[in-house]
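Start counting the sequence shown at 2; every next residue gets the next number (the numbering used here). Think of the CB as a built atom: it goes at the ideal place given N, C-alpha and C, for glycine as much as any other residue.
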Amino acid sequence: MIKAFSGLGNQTVLVHPKRYQREISHKTDVFNFYQMEKVFQVKSLKFIDPYIFRPFIPKFMYRFFSFLIDFIWGIFSVNYAKKYSPDFLIFRDNTPFSLFFSYLSGIPSAIEFHDVPPLISKRIFKFTLKRAKKIKCFSVTKKLSLDLENYFGLDEGSIKVLHDAVDLEDFKDKPKIKSSSGIPILTYCGSLSHEKGADLLLETATNLENFQIIIVGGLDREVKIYSEKAKKMNIDNIRFIGQVLPSEVPSYLNSSDILLLPSSGKSKKSREYTSAMKLFEYLASGVPIIASNIPSNTEILTENRNCILFNPDDSCSLTREIEKLWQNYDLREKISHNSIELSKEFTWENRCKVIIDEIKQIK
Numbered sequence: 002m003i004k005a006f007s008g009l010g011n012q013t014v015l016v017h018p019k020r021y022q023r024e025i026s027h028k029t030d031v032f033n034f035y036q037m038e039k040v041f042q043v044k045s046l047k048f049i050d051p052y053i054f055r056p057f058i059p060k061f062m063y064r065f066f067s068f069l070i071d072f073i074w075g076i077f078s079v080n081y082a083k084k085y086s087p088d089f090l091i092f093r094d095n096t097p098f099s100l101f102f103s104y105l106s107g108i109p110s111a112i113e114f115h116d117v118p119p120l121i122s123k124r125i126f127k128f129t130l131k132r133a134k135k136i137k138c139f140s141v142t143k144k145l146s147l148d149l150e151n152y153f154g155l156d157e158g159s160i161k162v163l164h165d166a167v168d169l170e171d172f173k174d175k176p177k178i179k180s181s182s183g184i185p186i187l188t189y190c191g192s193l194s195h196e197k198g199a200d201l202l203l204e205t206a207t208n209l210e211n212f213q214i215i216i217v218g219g220l221d222r223e224v225k226i227y228s229e230k231a232k233k234m235n236i237d238n239i240r241f242i243g244q245v246l247p248s249e250v251p252s253y254l255n256s257s258d259i260l261l262l263p264s265s266g267k268s269k270k271s272r273e274y275t276s277a278m279k280l281f282e283y284l285a286s287g288v289p290i291i292a293s294n295i296p297s298n299t300e301i302l303t304e305n306r307n308c309i310l311f312n313p314d315d316s317c318s319l320t321r322e323i324e325k326l327w328q329n330y331d332l333r334e335k336i337s338h339n340s341i342e343l344s345k346e347f348t349w350e351n352r353c354k355v356i357i358d359e360i361k362q363i364k
């Protein structure tokens with residue numbers, strides 16, 4: 002999104018505290034990780050990393066310690082940002098004190114909510130938003146907006162829904178490489194957890210001996226856990242790729258016949274609050290999508306137009322829909338075409354324009 006802000010002619014600066022990274026893939030700068038040109042500034046500020054101390058501090062003490070660090074970072078980050086005389090600041094939902102001190106400074110700001118914040122953070126946000134006149138709020142799903150408006154005591158519509166997005170350039174002129182074996186490829190790209198549907202994929206794989214399932218993503222320890230589960234279940238038609246660079250994701254998606262979005266309906270966060278970035282990458286690839294029938298998906302997707310839906314957490318339903326879609330070439334072509342058209346609505350450029358237009362309304 003920062004790249005998109007810069008592409009719209011804005012001088013953009015990313016300010017963040019330095020953090021210790023365990024994952025080797027994260028031990029690089031943002032431009033190398035995302036394989037992008039240096040079109041904006043990045044300021045990695047030396048600051049206390051509370052996560053380093055987490056294993057050595059009792060839980061109740063760590064919470065107080067983390068709270069104190071967040072408070073200090075709020076002062077530090079906003080004061081640092083003032084050096085650039087910014088027209089506006091943008092924050093995520095893990096920065097309640099930064100938003101609070103931005104409010105005190107009078108700088109127009111935007112806050113993005115991707116989940117319901119923890120209790121103390123919610124109270125700080127509530128205190129700030131009830132008083133602020135120069136802050137615009139966004140969230141990634143309708144239900145998240147409604148729940149936050151209710152908690153914060155804001156008027157309906159105060160928190161604008163702004164889904165995640167995709168960079169269409171990443172999928173431009175990418176070749177569609179299909180398996181030479183003739184075996185249909187089903188691909189899931191994302192985190193590995195029960196909430197994201199990883200266990201459901203294992204169950205489904207046992208019913209799909211004539212399909213190959215590719216799973217892209219997951220931390221090393223997660224890949225190890227699920228690989229061992231698959232081995233115990235005697236599943237030999239699943240391949241775990243692990244984490245890849247964002248620039249490699251389009252190639253995996255384009256090499257697939259069907260893309261899977263098996264998010265669980267049992268988790269409120271998954272069901273109502275998650276705007277899965279992979280969903281928009283799926284759409285941009287033009288590969289047919291099968292997704293769980295939950296509100297966070299159906300805010301974007303329409304059955305038999307740009308996806309097929311299955312009953313969440315139901316491996317038999319998922320198996321059935323995979324087999325039906327694979328046998329229906331015309332439907333796959335229809336979904337593919339409509340997916341590409343829909344993805345054009347959800348670009349980072351369009352998303353940034355909405356934020357800028359909202360901030361321009363601040364008086």
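What does the Cβ neighbour count give for residue i, buried or exposed, with the cut at 16 atoms within 10 Å?
i: Ser1; result: This structure cannot speak to residue 1, because the chain is shown only from 2 to 364.
i: Arg55; result: exposed
i: Ile121; result: exposed
i: Thr13; result: buried
i: Asn235; result: exposed
i: Tyr274; result: buried
i: Ser353; result: It is Cys, not Ser, that sits at residue 353 in the sequence shown. Buried, by the Cβ-count rule.
i: Leu9; result: exposed
i: Asn339; result: buried
i: Ile301; result: buried
i: Phe102; result: buried
i: Asp314; result: buried
Just to confirm, are residue i and residue j a CB contact at a threshold of 9 Å?
i: Ile73; j: Ile108; result: no
i: Val43; j: Lys4; result: no
i: Asn238; j: Glu210; result: yes
i: Phe92; j: Leu100; result: yes
i: Phe347; j: His164; result: yes
i: Ile184; j: Ile215; result: no
i: Leu260; j: Gln244; result: no
i: Gly191; j: Ala285; result: no
i: Pro59; j: Asn95; result: no
i: Leu90; j: Ala111; result: yes
i: Val162; j: Thr142; result: yes
i: Lys270; j: Asp148; result: no
Please state whether DSSP places residue i in a helix, a strand or coil.
i: Ala133; result: coil
i: Ile356; result: helix
i: Ser45; result: strand
i: Lys39; result: coil
i: Lys161; result: strand
i: Pro56; result: helix
i: Leu155; result: coil
i: Leu149; result: helix
i: Leu9; result: coil
i: Ile363; result: coil
i: Pro263; result: coil
Problem - Three-pair Cβ contact test at 8 Å for the region 225-234 versus the region 251-258 - result: Contact fails: fewer than three Cβ-Cβ distances are below 8 Å.
**Asked** If we count Cβ pairs, one from each stretch, closer than 8 Å, do we get three or more for the region 281-293 versus the region 301-313?
**Response** yes
Unbroken stretches of the alpha helix (DSSP H), 4 residues or longer, contained in the region 178-253
199-206 and 221-233
**Request:** Could you tell me which uninterrupted alpha helix (DSSP H) segments, each at least 4 residues in length, are contained entirely in the region 61-141, listed from first to last along the chain?
**Result:** 97-106 and 120-132
_Which runs of the beta strand (DSSP E) at least 3 residues long sit entirely within the region 279-353? Give them in chain order._
290-293 and 309-311
**Item:** At least 3 beta-carbon pairs within less than 8 Å: the region 143-160 vs the region 114-130
**Value:** yes
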